[in-house]
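Using our numbering, read the sequence shown as starting at 358 and increasing by one per residue. Note that the Cβ used here is the ideal one computed from N, Cα and C, for glycine as well. A quick write-up on the structure given underneath.
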Amino acid sequence: LAGEVDFKTYVDQACRAADEFVNIYYETMDKRRRALTRLYLDKATLIWNGNAVSGQEELNKFFEMLPSSEFQVNMLDCQPVHEQATQGQTTVLVVTSGTVKFDGDKQRYFNQNFLLTAQATPTNTVWKIASDCFRFQDWAS
Numbered sequence: 358l359a360g361e362v363d364f365k366t367y368v369d370q371a372c373r374a375a376d377e378f379v380n381i382y383y384e385t386m387d388k389r390r391r392a393l394t395r396l397y398l399d400k401a402t403l404i405w406n407g408n409a410v411s412g413q414e415e416l417n418k419f420f421e422m423l424p425s426s427e428f429q430v431n432m433l434d435c436q437p438v439h440e441q442a443t444q445g446q447t448t449v450l451v452v453t454s455g456t457v458k459f460d461g462d463k464q465r466y467f468n469q470n471f472l473l474t475a476q477a478t479p480t481n482t483v484w485k486i487a488s489d490c491f492r493f494q495d496w497a498s
């Protein structure tokens, strides 16, 4: 039973971190896009509708070319990733879905998943994106 309590605490902490992260991420995407790469690890990879972008410089170029956006997150799910799978690195899988309207385009559905890793700083722990996969959800007609 003690293991279950510890795991429940671990899941609760992961979900609180994910909720806070999602609010910061989409607000930054919509309002302060130039700061968005600060949320990514130096060697993070973004897959955007099947197109891979890696590293801070390339991520920055990619985000700057996107039109302004308005994201609305309708669903958030998260779970801690077992430490055996991440060599002891505290990692959380975060899955979101919702709608986005890019300037000059119609509103579209999207889903996005992030692998976040805990990075210790001298004063606290911050979550950084190791992997990010974004996809529009276009319905077949």
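Unbroken alpha helix (DSSP H) run spanning residue i, endpoints
i, result
"V421", "The question names Val, yet the displayed sequence has Glu at residue 421. Start and end: Q413 to M422."
Top-ranked residue by Cα proximity to residue i, from the options
i, options, result
"L433", "F471, A442, N408 and S488", "F471"
"S453", "Y466, A442, R390 and A409", "Note that residue 453 is Thr in the sequence shown here, rather than Ser. Answer by Cα proximity: Y466."
"N431", "T447, K418 and G455", "G455"
"D495", "Q464, P424, D489 and Q446", "Q464"
"F491", "Y383, W405, D462 and L423", "W405"
Close beta carbons around residue i, own chain, < 6 Å, minus the five adjacent residues each side
i, result
"T482", "A475"
"A401", "I486 and A487"
Residues near residue i in its chain [Cβ-Cβ closer than 8 Å; skip 5 each side]
i, result
"A371", "C435, Q436, P437 and V449"
"Q446", "E440, T474 and A475"
Cutoff 7 Å; reference residue i; Cβ partners in own chain excluding five residues on either side
i, result
"M305", "With the chain covering only 358 through 498, there is no way to say anything about residue 305."
"F378", "V451, L473 and W484"
"Y382", "L396"
Endpoints, the beta strand (DSSP E) within which residue i is located
i, result
"Q469", "R465 to A477"
"T443", "Per DSSP, T443 belongs to no beta strand (DSSP E) and is neither H nor E."
"T482", "T482 to F493"
"T402", "Y397 to W405"
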